[in-house]
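Notes to accompany the following structure.
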Amino acid sequence: MNTLTKVAALTAALITGETAMAASPEDNIKVVQDFFAAYGASDLDGIAAVMDENVKWHIPGRHPLSGTKTGRDEVLAFFEQLGTAGFQADPIYFGADETHVVDIHRGWSNADGKPNVDTTWALVYRIENGKIVEATNLSADQDAANTFFWSQYSLAPIPERLAK
Numbered sequence: 268m269n270t271l272t273k274v275a276a277l278t279a280a281l282i283t284g285e286t287a288m289a290a291s292p293e294d295n296i297k298v299v300q301d302f303f304a305a306y307g308a309s310d311l312d313g314i315a316a317v318m319d320e321n322v323k324w325h326i327p328g329r330h331p332l333s334g335t336k337t338g339r340d341e342v343l344a345f346f347e348q349l350g351t352a353g354f355q356a357d358p359i360y361f362g363a364d365e366t367h368v369v370d371i372h373r374g375w376s377n378a379d380g381k382p383n384v385d386t387t388w389a390l391v392y393r394i395e396n397g398k399i400v401e402a403t404n405l406s407a408d409q410d411a412a413n414t415f416f417w418s419q420y421s422l423a424p425i426p427e428r429l430a431k
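In our numbering, the protein residues as written are 268 to 431.
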């Protein structure tokens, strides 16, 4: 942030009583690294700790887990389901500014007897007040991701009363 921007942000914070200054890129990367550490340990409480209560998490594709998850509970339910399939993520790169982090990682699985995925993923996170408020997930091979997710998660059967 340049000096004038810092002064304006500090002035806004003093007038409103709220913190208006953005975090440093390093602080924002730490938030995402903490997310990855919690994810790798299957620590849902750790994942929750780095997310805003009203977080939005966008999952691409056409499969049972795709779509936008809204709120911490929905996002945690997504990660709980993802954990049942043994999906793993190995970070490759982090880049950031005062409001966003980009991570590139290898996302892969090794499910027995089912299609697996092993591809590069990129996520764009928006960080506010040290919390993830939004994440957009992008896959280098969405077809492989769709196949993997469909092999792991099926939709509930149509109720008999509606199948007629």
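Ideal placement from N, C-alpha and C gives every residue a C-beta, glycine not left out.
Inter-residue spacing [alpha-carbon to alpha-carbon] between residue i and residue j
{"i": "lysine 398", "j": "alanine 389", "result": "19 Å"}
{"i": "alanine 407", "j": "proline 331", "result": "19 Å"}
{"i": "aspartate 294", "j": "aspartate 340", "result": "24 Å"}
{"i": "asparagine 404", "j": "histidine 325", "result": "6 Å"}
{"i": "glutamine 355", "j": "alanine 363", "result": "23 Å"}
{"i": "valine 400", "j": "serine 421", "result": "29 Å"}
{"i": "serine 309", "j": "threonine 351", "result": "10 Å"}
{"i": "histidine 367", "j": "glutamate 427", "result": "47 Å"}
Limits of the alpha helix (DSSP H) - the one that residue i falls within
{"i": "aspartate 301", "result": "292-307"}
{"i": "alanine 412", "result": "409-419"}
{"i": "glycine 353", "result": "From DSSP, glycine 353 is part of no alpha helix (DSSP H); its letter is neither H nor E."}
Residues near residue i in its chain [Cβ-Cβ closer than 6 Å; skip 5 each side]
{"i": "alanine 275", "result": "Because the pLDDT of alanine 275 is 44, which lies under 50, any placement of that residue in the model is unreliable, and the number read from its coordinates should be weighed accordingly. Excluding positions up to five away in sequence, the list is empty."}
{"i": "alanine 305", "result": "Gly313 and Ile314"}
{"i": "valine 336", "result": "One point to set straight first is that residue 336 is lysine, not valine, in the sequence displayed. The residues are Trp324, Val342 and Phe345."}
{"i": "valine 369", "result": "Gly362 and Val391"}
{"i": "aspartate 385", "result": "Trp375"}
Limits of the beta strand (DSSP E) - the one that residue i falls within
{"i": "valine 368", "result": "367-375"}
{"i": "arginine 393", "result": "385-395"}
Cβ shell of residue i (< 7 Å), same chain only, five flanking positions each side left out
{"i": "leucine 311", "result": "Leu343, Phe346 and Glu347"}
{"i": "serine 377", "result": "Position check: residue 377 holds asparagine in this sequence, whereas serine was assumed. The residues are Gly353 and Asn383."}
{"i": "threonine 387", "result": "Ile371, Arg373 and Ala407"}
{"i": "glycine 334", "result": "Ile326"}
{"i": "alanine 302", "result": "First, the amino acid is wrong: residue 302 is phenylalanine here, not alanine. The residues are Ile314, Val317 and Ile399."}
Identity of the residues DSSP links to residue i by a beta bridge
{"i": "proline 358", "result": "His372"}
{"i": "alanine 363", "result": "Val368"}
{"i": "glycine 334", "result": "Ile326"}
{"i": "isoleucine 399", "result": "Met318 and Ile394"}
Can you confirm whether the stretch 412-424 touches the stretch 322-336 when touching is taken to mean that 3 or more C-beta pairs between the two stretches lie within less than 8 Å? yes
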